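Enquirer: My questions will all concern the structure given below.
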Amino acid sequence: MECAAKGRGSRCVGPPVRRCARCEAVAYCSLSHQISHWSDHKEECERLEQQMKCVGTLNDFPFTFSQEDALQICESQETRCSFLARRNLHLLGMWLSECCCGSSSFSSNYPRLIDCWNLSNSLCPCGDPVSPLSRQLSSWKDYYEWRCLPLDSPVALLLHWPLTIYRASQLISWKQSAESSNEINIHYLGPEKELFQLLVFAELLALFPHSKVHIVLVGPAVPQYRDGERINLLSYAHCDDGDCKCKMSNENFRLDASNCRSSVVTLWLLKGFYHDRFRDIVKDSYPHLIVAPNAGIAAYPSWRATIELIKGLNVPAVFSDLCEEAAHLAACCLSSVVGRALTLPIQLNPFRQPLVVEDSALYLPCYSNCFLFGRGIVVAELDMAMSMKGQGLGFGLNLGAGLKVPFRVRDVLPVLPRQISWPVLNNIHSAVDLLPSFVGSIAPNNGSTQWEGACFKSNNAWLELTDGDDKGLAGGVLYLTTSMAHSWTCMDLYVFATPYRVTWDYYFTAREHKLQIDSWEEPAELEYVKQHGVSVFLMPSGMLGTFLSLVDVLPLFSDSGWGQHSNIAFLEKHMGATFEKRPQPWQVMINPEDVHSGDFLAVSKIRGRWGGFETLEKWVTGAFAGHTAVCLKDELGNLWVGESGHENEKGEEIIVVIPWREWWELARKDNSNPHIALLPLHPDLRTKFNSTAAWEYARSMTGKPYGYHNMIFSWIDTIDDNYPPPLDAHLVVSVMSMWTRIQPAYAANMWNEALNKRLGTEGLDLHEILVETENRGIAFDQLLTIPEQDEWVYSDGKSTTCVAFILEMYKEAGIFNPLSSSIQVTEFTIRDAYMLKIFEDNATRLPNWCNTEDGLLPFCQILGEYRLELPHYNTIELYANMNENCPSLPPTYERPLQC
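For the sequence shown, the working numbering gives the first residue as 32, with consecutive numbering after it.
What follows is the structure, encoded as structure tokens:
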């Protein structure tokens with residue numbers, strides 16, 4: 032331990048005995064040094080304070096030796112040397128590098144591979160496990176039980192290296208090529224003491240059975256005389272017992288790569304930095320996983336070039352560090368270089384080394400491989416992949432022979448930003464050519480489907496169903512083989528869709544690819560796939576950036592705590608929502624006598640399918656609610672709820688008027704976790720509300736379908752100021768095109784009729800609509816901005832969304848007089864509706880049961896664990912042609928006056 036202000040000018044006057052009273056993580060030699068260091072320390076003090084609160088968790092191991100020894104080493108009452116000496120392991124074999132005095136003993140004469148644990152058979156894993164691994168290991172206790180080891184065995188001090196690799200594999204998904212060939216390629220960055228403990232990596236034989244694990248250990252600490260050395264690990268390190276069957280093996284390892292065994296761990300040692308040796312490495316193998324143990328990213332400037340390289344690879348990378356503070360600083364460095372937040376957040380490694388590191392700069396306990404962080408397979412820049420394929424285009428690595436096929440500008444569109452690639456596509460294609468190309472439906476019993484792609488001339492796909500899960504639902508694997516690329520630089524981008532899911536992938540190499548579907552969403556999807564298959568669309572390659580930017584949308588639709596957390600995180604990130612917890616109770620028993628006809632119900636769902644859809648609707652419109660309903664009272668004073676978008680027993684979304692109690696019970700049982708607020712009408716408008724006219728309108732609409740026809744047109748008012756990046760009109764028309772192919776009736780209902788209305792045509796499908804717009808010289812994005820007209824009647828009647836249904840009722844009831852004739856309610860979003868200055872503005876007139884817990888809201892929240900936000904609630908006066916040309920760009924969703 033040394034003074035935290037050491038090297039800041041004046042010399043230290045003694046040992047660091049003066050600890051920071053707040054965080055207790057750093058210490059100083061004197062008060063003057065503590066004062067001089069405060070300008071630096073104040074930013075980290077609170078963070079360190081929180082980290083110190085987790086010391087108990089850090090020191091929590093199942094071993095009989097760990098906590099007491101960690102504490103004694105931290106307080107300098109014991110050393111690693113004495114710990115090892117008490118177990119007769121000091122300066123022995125692989126244990127030599129586990130203490131300071133041992134680390135200084137290495138020389139070129141030291142054995143290249145130490146093959147003994149120096150422990151008895153009962154204390155070490157010297158042979159195959161008694162039983163194969165049947166479940167994922169999540170702790171040292173799990174591992175020791177599986178390997179039948181007693182908790183006083185110290186082998187975890189060495190096995191944390193391979194177990195950290197195992198943990199990294201749990202946190203990310205292996206690439207499909209690893210699964211198909213049973214080969215796992217790992218690039219292991221910055222090895223140091225592991226170089227003298229290499230046989231511990233043989234434990235990967237047990238952790239990844241029936242696999243060929245290839246590990247490239249590359250770093251400046253590799254001795255020059257070992258540069259390029261290859262080692263095959265065929266079995267485990269021996270124990271000390273002379274009669275143990277582990278001695279029956281004549282050969283534990285080979286110092287070459289020739290071996291026919293199906294299960295093997297191969298090590299390849301390379302001296303130098305990863306970014307300097309990368310060209311040599313990828314001649315042999317492309318990684319499925321990059322691991323950098325105890326990386327110290329913030330401490331070594333040489334990491335920057337390596338991170339820049341990793342940034343360009345579509346490969347998951349997992350880093351570790353000694354303590355949470357080091358991991359935090361490293362994560363900041365990574366984010367600044369990569370330009371985005373980590374997709375694998377900082378987390379405690381359950382397989383960290385269970386003996387504290389000596390001479391830490393902090394009182395915070397440090398353990399080897401203590402915290403993990405990094406990224407999964409995220410945005411791939413692809414320039415590195417291109418560089419590996421050829422030369423002559425300025426991509427930098429100059430590998431192999433020159434290109435023997437032509438270069439075309441559209442081939443490099445995938446690596447260009449969307450703002451560049453789309454204008455290029457627009458200039459070299461017509462509007463129709465920008466549509467996704469439907470290549471076929473891949474069904475399980477229809478054999479294979481062949482087609483010619485934009486990049487690969489020959490493509491072949493087939494679908495196989497897999498065994499059912501615990502719900503009885505099967506999964507599936509879609510195999511897609513690509514070959515005969517016309518250029519080294521091209522790629523094909525595909526979307527795979529059913530009415531229940533949409534996913535995508537892009538293919539850069541000619542080989543067999545796999546799309547794994549673990550389980551179908553519900554029995555109906557399985558039946559659909561059996562009958563109709565999975566629809567496959569070839570996309571314009573400039574769409575890649577758009578799809579990559581939408582990666583964080585995918586978890587929103589999960590009906591789980593993870594899905595709810597994803598929705599909350601998405602809205603916090605993209606809209607600035609706060610999700611402040613409310614005090615209990617989260618449900619309010621309303622008094623129906625205090626509720627009146629015309630009172631507005633705002634609903635926000637944050638979980639499952641509807642939660643995901645509402646989250647996206649909120650994002651594009653700026654609304655902090657995703658659904659609405661309206662209260663009505665009959666002549667007898669009974670309370671009812673009118674709603675467009677109520678799901679009936681057939682699964683259809685229709686308009687209903689149902690008793691309040693029935694609606695409330697459905698809301699309380701809704702697993703999408705709805706949050707509901709009652710927005711009472713202003714008393715002056717309540718007196719104007721013509722209840723008879725409202726009921727007549729409601730009854731005339733009852734049973735009619737939800738207003739899918741004009742749902743998206745209330746959102747889109749402008750050419751480009753309603754699309755949150757990366758959305759744009761191109762993506763909208765792409766989604767329209769795909770859904771037209773998958774569910775033609777749904778597509779006609781959702782947009783075809785509405786687009787025909789805007790053109791004054793009838794019966795044109797989407798392709799014909801695009802041709803017509805081009806013939807007329809109208810851009811498709813302009814067509815989308817033409818305002819909806821309330822008098823338009825569709826094939827199934829007038830089309831009203833949930834909010835249009837309420838606002839049309841307000842028009843009928845006289846709330847919008849004298850401006851009713853100049854208001855198109857189908858142009859209103861939910862945000863537009865709750866911003867109208869028509870609601871109660873005097874909190875003292877709200878019912879007694881309303882917001883009794885805190886009184887912070889100007890309306891009545893009656894359900895939900897989080898406080899419902901409605902920014903700009905009750906602020907905008909009604910005006911003619913309202914909301915017909917309003918932008919809606921996050922995160923502020925600024926709205927000009929009179930738009």
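Note that beta-carbon positions come from the ideal geometry of N, C-alpha and C, so glycine has one too. Here the structure is a predicted model, which is why all the values come from computation and not from measurement.
So, with DSSP's three-state summary, where would you put P922?
Expert: In the structure shown, P922 sits in coil (DSSP, three-state: anything other than H, G, I, E or B).
Enquirer: Please state whether DSSP places A58 in a helix, a strand or coil.
Expert: DSSP places A58 in strand when its eight states are reduced to three.
Enquirer: With burial defined as no fewer than 16 other Cβ atoms inside 10 Å of the residue's Cβ, what is the status of E225: buried or exposed?
Expert: Its Cβ being crowded by 16 or more others within 10 Å, E225 is buried.
Enquirer: Whose C-beta lies closer than 6 angstroms to the C-beta of V470 among residues of the same chain, with five residues either side of it excluded?
Expert: These residues qualify, in order along the chain: W482, V567, L569.
Enquirer: How is F890 classed by DSSP in three states: helix, strand or coil?
Expert: Coil, per DSSP.
Enquirer: Once DSSP output is grouped into helix, strand and coil, what is the label at K37?
Expert: It is coil, neither helix nor strand.
Enquirer: Helix, strand or coil: how does DSSP classify F92 here?
Expert: Looking at F92 - three-state DSSP - the assignment turns out to be coil, as it is neither helix nor strand.
Enquirer: Using only alpha-carbon positions, find the residue among A357, V526, S367 that is nearest to K342.
Expert: It is S367 whose Cα lies nearest to the Cα of K342.
Enquirer: Are the beta-carbon atoms of E645 and K636 separated by less than 8 angstroms?
Expert: Yes; because the gap between Cβ atoms is below 8 angstroms, this pair is in contact.
Enquirer: From I685 to G673, what does the alpha carbon distance come to, in whole angstroms?
Expert: Whole-angstrom Cα-Cα distance: 11 angstroms.
Enquirer: Does L509 come out as helix, strand or coil in the three-state DSSP assignment?
Expert: Note: L509 maps to strand in three-state DSSP.
Enquirer: Confirm, please, whether the CB-CB distance from V349 to A252 is below 8 angstroms.
Expert: No, the Cβ-Cβ distance between A252 and V349 is not below 8 angstroms.
Enquirer: So, helix, strand or coil for R789, using DSSP?
Expert: Looking at R789 - three-state DSSP - the assignment turns out to be helix.
Enquirer: DSSP has K243 in a bridge; who is on the other side?
Expert: In DSSP, K243 forms a bridge with E214, V295.
Enquirer: Do you know how far the Cα of Y559 is from the Cα of V526?
Expert: Computed Cα separation, rounded: 17 angstroms.
Enquirer: Thinking just about the alpha-carbon of each residue, which of D271, R166, P193 is nearest to the one in L235?
Expert: Among D271, R166, P193, the Cα nearest to that of L235 is on P193.
Enquirer: P616: buried (16+ other C-beta within 10 angstroms of its C-beta) or exposed?
Expert: The residue in question, P616, is exposed, as its Cβ has fewer than 16 Cβ neighbours within 10 Å.
Enquirer: Within 10 angstroms of its Cβ, does E839 collect 16 or more other Cβ (buried), or is it exposed?
Expert: E839 should be labelled buried.
Enquirer: Can you check the segment 677-733 for any alpha helix (DSSP H) of at least 4 residues that lies completely inside it and give the ranges in chain order?
Expert: Runs found: 691-700, 714-719, 722-732.
Enquirer: Within 10 angstroms of its Cβ, does W694 collect 16 or more other Cβ (buried), or is it exposed?
Expert: Answer is buried; the Cβ neighbour count reaches 16.
Enquirer: Determine whether the beta carbon atoms of P318 and H218 lie at a separation below 8 angstroms.
Expert: Against a cut-off of 8 angstroms, the Cβ pair of H218 and P318 comes out as a contact.
Enquirer: Taking DSSP's pairing of strands, which residues face N491 in a bridge?
Expert: Per DSSP, Q481, T512.
Enquirer: Per DSSP, Y538 forms a beta bridge with which residues?
Expert: In DSSP, Y538 forms a bridge with D523.
Enquirer: On the DSSP bridge list, what partners appear for N905?
Expert: Per DSSP, none; premise fails for N905.
Enquirer: Taking the alpha-carbon positions, what's the S919 to N622 distance?
Expert: So the alpha carbons of these two residues sit roughly 37 angstroms apart.
Enquirer: Straight-line CA distance for L123 to V565?
Expert: Approximately 60 angstroms, taken between the alpha carbons.
Enquirer: Shortest alpha-carbon distance to F847 belongs to which of L344, L360, L716?
Expert: F847 has its Cα closest to that of L716, out of L344, L360, L716.
Enquirer: Please give me, in chain order, every unbroken run of the beta strand (DSSP E) with length at least 3 that falls completely inside the segment 824-903.
Expert: Runs found: 891-894.
Enquirer: Classify D352 as helix, strand or coil using the three-state DSSP reduction.
Expert: D352: strand per DSSP, three-state reduction.
Enquirer: Spatial neighbours of Q618 within its chain, please: C-beta separation below 6 angstroms, excluding the five flanking residues on both sides.
Expert: L894, listed in sequence order.
Enquirer: Closest by CA to S165, which one among L127, W177, S151?
Expert: Looking at the Cα atoms, W177 is the closest of the given residues.
Enquirer: Could you pull out every residue in the same chain whose Cβ sits closer than 7 angstroms to the Cβ of L494, ignoring the five residues on either side in sequence?
Expert: So the qualifying residues of the chain are I473, A474, P475, G507, L509, G564, V565.
Enquirer: Can the beta-carbon of I215 be found closer than 8 angstroms to that of H191?
Expert: Not in contact: I215 and H191 (Cβ atoms no closer than 8 angstroms).
Enquirer: Would you mind giving the Cβ-Cβ distance between P385 and F92, rounded to the nearest angstrom? I have them listed as a contact below 8 angstroms.
Expert: Confirmed, about 4 angstroms.
Enquirer: Do E843 and Y728 have their C-beta atoms closer together than 8 angstroms?
Expert: Yes, they are a contact pair.
Enquirer: So within the segment 621-646, which uninterrupted beta strand (DSSP E) runs reach at least 3 residues, ignoring any that extend past its ends?
Expert: Here the runs fully enclosed are 631-636.
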